[in-house]
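Student: The sequence shown begins at 1 in my numbering and counts up by one.
C-beta: ideal position from N, C-alpha, C; glycine also.
Note that the structure is predicted; figures quoted are calculated from it, not measured.
Handing you this structure, nothing more for now.
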Amino acid sequence: MGAFLVYAGPREHVLLDRRLYLPQSWAEDAEQREGAGVPEGVTLQAKPQLAHAMLEHLWAQGVPVGWVARDKVYGNDAPLRERIAA
């Protein structure tokens, strides 16, 4: 369960970042998280929030982003769309 930021080019693809995504049921079940080895600081976040954090980290490193492909979960999030378009 995760969100991934990947560069895909004509000759290569590279994993740039990843974040652990916890569904609501896992976020509410400390025993399940502990049994799976989920780190203490990982909390419930919506997938668009995870994507936003990964993109901000990428931009802070000076990595240029020409375009972003995403599914409807990310594409339907207005704040994320607006930040990508900025």
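#1: Please name the residue, chosen from Asp71, Ala86, Trp59 and Gly2, that lies closest to proline 23 on a Cα-to-Cα basis.
#2: Which value, in whole angstroms, describes the spacing of the CA atoms of tyrosine 74 and leucine 50?
#3: Quick one: Cα of tyrosine 21 to Cα of aspartate 29, how far?
#4: DSSP state of valine 6, grouped into three classes?
#5: Please list, in chain order, all residues of the same chain as aspartate 77 whose beta carbon is under 7 angstroms from its beta carbon, the five residues on each side excluded.
Tutor: Checking against the coordinates, here is how it stands:
#1: Gly2
#2: 10 angstroms
#3: 14 angstroms
#4: strand
#5: Pro48
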